[in-house]
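Each remark here refers to the structure printed beneath this line.
Chains as they are written, first to last, in the working numbering: chain A, 755 to 1082; chain B, 755 to 1082.
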């Protein structure tokens, strides 16, 4: 469907296929260790409903065997009771999402059958070498009754043959959505054009759709997201004020104002920024475009070195650049 | 030449036609009232030479009849002696540029014959209704011996017929470069694709080239600049750390690292950021992407309302949005 439609759309128009997923609490949780106030979470839920956002991701389903619950905010684990404390039975049109990392989630035990959960969507995050394990998770979660996506991380480090093989395997699985993920914010729009085409063609042939998750290292998260959208990708990730690890993500407020579907309204999100985001920034929570992230983006590296560099209050950017090149 | 070449380039490759213009002091001067320290200017000049930048713009040639020299830093006026105090006779490969606004520059008197000046390039900034006056300036400056560009401002407010007519007139003038200028940062890359095509086709037919000057209201300045570059625009404006009015401009350090021409090197620019930009930011000089600028970008408005909003330390974004809609 999407492959037929995408080149007919104009900027005045909209495609009803396009959906938006807010992952502020999940990617943003990596910035503040998932320590969101209950007020923040409740207001974000309400804002997303008013804004017409399609999915809201509450956090991770991380293994409590691997991660000590005392060391993180509750949204690293997303217990059913914690989500229900915010959404009740979720009688709204906003669907609820959680992310589960391959190898870091006790999904058989911790993810309930869909009939007992308010969660609608589980997103399986995987590295390329974990694809068989990801597929096992996907089939398990589909049988439990969920919508399921697979998010192949760090594809900017993956060679084309491996990626093609992974996409073929995933396209034959029961997964609903395959995600193009620019973990290191290293892709330029021209590369997104080609990758989107590859993902959409493979997925479309087997009736699946494609999503995009972009990072803002080179200040291209929004540009790459709308380029992907132009190429037929129709599940778009964004976060309020771009909150997310390192350089952060595509800004939800910019994305909603770009999409012309009248069901979307950026004003509730902007109001949420006024009330909550300015405050947590003042309290010292830091994310967003900065030279160290530009450098890891350019050099296609994990943002962790840049995060540490900034935490150490260093400003010797050119030394960081040399360190990054030595690591490669 | 460019129209033939542009679709052959890959991201591994580079086009030798592409040139970069640093307008940190000119667009950034609008942020700090042109109050750059002599150290800043000298170091920027040296950094641009080392980085392989093609042009450095020192500021405006503003009329001293209209603007009181005591009210601004010297780079609003760019007296020959002030430029020479930095560059001497400029024996480097870096060319010197100044900007002259139509109707706000006593160009007959204040711009010397080229043989008496170290300035290489004069950029004529014009609104669409001033095109005949701009052409008079262009012809005068060409006769004086300069390279000349024309920068048609605020084209996002101009209707297509008027723009076509203006481009035709300018293509027939003696101007060397016609600039696509996104003054309000309101264009999406898809619009830049089409506009670039229009500008390049018109200019190319008469042996002229096209430049781009983007603003970062929607965090698209870099994306729009490289999209224009892909479409055959080959004079690219950028500023160090994106310093420029309101949301600022395309980041020079990101642009240089994108361009694969080995003559470019972003390290001297990054080193300049370490030494000077962090300091002036700490001193309270403010620019860059922020919600008020996103709103003026979305609504295709002059950034002045957003600048005032931030200066007044307001954060009631949704009221600003209503005010902007009432102004239209």
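All C-beta atoms in this analysis are idealised placements derived from N, C-alpha and C, irrespective of residue type, glycine included.
Residue 943 of chain B belongs to the set of residues whose beta carbon lies under 8 Å from a beta carbon in chain A. In terms of Cβ geometry, residue 798 of chain A and residue 1005 of chain A do not form a close pair [threshold 8 Å].
With a contact defined as Cβ atoms closer than 8 Å, residue 903 of chain B and residue 934 of chain B miss out at about 11 Å.
Annotation: the continuous beta strand (DSSP E) that includes residue 902 of chain B extends over 901-906. Residue environment for residue 781 of chain A: buried (at least 16 other C-beta atoms within 10 angstroms of its C-beta). Residue 951 of chain A is outside the set of residues whose beta carbon lies under 8 Å from a beta carbon in chain B. Judged by DSSP in its simplified three-state form, residue 784 of chain A adopts helix.
Across the segment 1058-1074 of chain B, CB contacts with chain A closer than 7 Å involve 1069, 1070, 1071, 1072, in sequence order along the chain. The Cβ atoms of residue 785 of chain A and residue 1038 of chain A do not sit closer than 8 Å to each other. Contact with chain B is found for residue 1011 of chain A, since one of that chain's Cβ atoms lies less than 8 Å from the residue's Cβ. Taking every protein chain shown into account, the CB of residue 1068 of chain A has fewer than 16 other CB atoms within 10 angstroms, so this residue is exposed. Scanning A:1028, A:858, A:837, A:805 for the CA closest to the CA of residue 816 of chain A turns up A:858.
The C-beta of residue 1008 of chain A comes closer than 8 Å to at least one C-beta of chain B. Contact of residue 977 of chain B with chain A by beta-carbon distance below 7 Å involves 943, 974, 977. Put simply, the CB of residue 1027 of chain B is near chain A, with a gap under 8 Å to one of its CB atoms. Pairing residue 1001 of chain B with residue 1071 of chain B gives a Cβ-Cβ distance that is not under 8 Å. Under a criterion of Cβ atoms nearer than 7 Å, no residue of chain B is adjacent to residue 1078 of chain A; the nearest Cβ is some 12 Å distant.
Where residue 967 of chain B is concerned, the enclosing beta strand (DSSP E) starts and stops at 963-967. The beta-carbon distance between residue 908 of chain B and residue 942 of chain B, rounded to whole angstroms, is 17 Å. This is too long to meet the 8 Å contact definition. DSSP places residue 815 of chain B outside both helix and strand once states are collapsed to three, so it counts as coil. Contact holds between the segment 946-962 of chain B and the segment 980-987 of chain B, because three or more Cβ pairs, one in each stretch, are under 8 Å apart. A residue is called buried when at least 16 other Cβ atoms come within 10 angstroms of its Cβ; residue 962 of chain B meets this threshold and is buried. Between the alpha carbons of residue 813 of chain B and residue 845 of chain B lies a distance of about 20 Å. Distance between residue 1008 of chain A and residue 873 of chain A, taken at the CA atoms: about 27 Å. Scanning A:824, A:1055, A:887 for the CA closest to the CA of residue 862 of chain A turns up A:887. Counted as a single uninterrupted DSSP element, the stretch harbouring residue 1001 of chain B is not any beta strand (DSSP E), since DSSP gives it neither H nor E.
Beyond the five residues adjoining it in sequence on each side, residue 1012 of chain B comes within less than 7 Å, by CB distance, of 980 in the same chain, given in chain order.
Here residue 1014 of chain A carries a coil assignment [DSSP, helix/strand/coil].
With a threshold of 16 other beta carbon atoms within 10 Å, residue 828 of chain A meets it and is buried.
Residue 849 of chain B is bridged by DSSP to B:809. The segment 1023-1057 of chain A contains, as complete alpha helix (DSSP H) runs of 4+ residues, the segments 1032-1036, 1045-1052 (chain order). DSSP, read as helix, strand or coil, puts residue 898 of chain A in helix. In this structure, DSSP gives residue 796 of chain A a helical state, which the three-state scheme calls helix. The alpha carbon of residue 928 of chain B has as its nearest neighbour, out of B:803, B:854, B:968, B:901, the alpha carbon of B:901.
Against chain B, the beta carbon of residue 1032 of chain A has neighbours under 7 Å at 1069, listed in chain order.
Beyond the five residues adjoining it in sequence on each side, residue 893 of chain B comes within less than 8 Å, by CB distance, of 927, 928 in the same chain, given in chain order.
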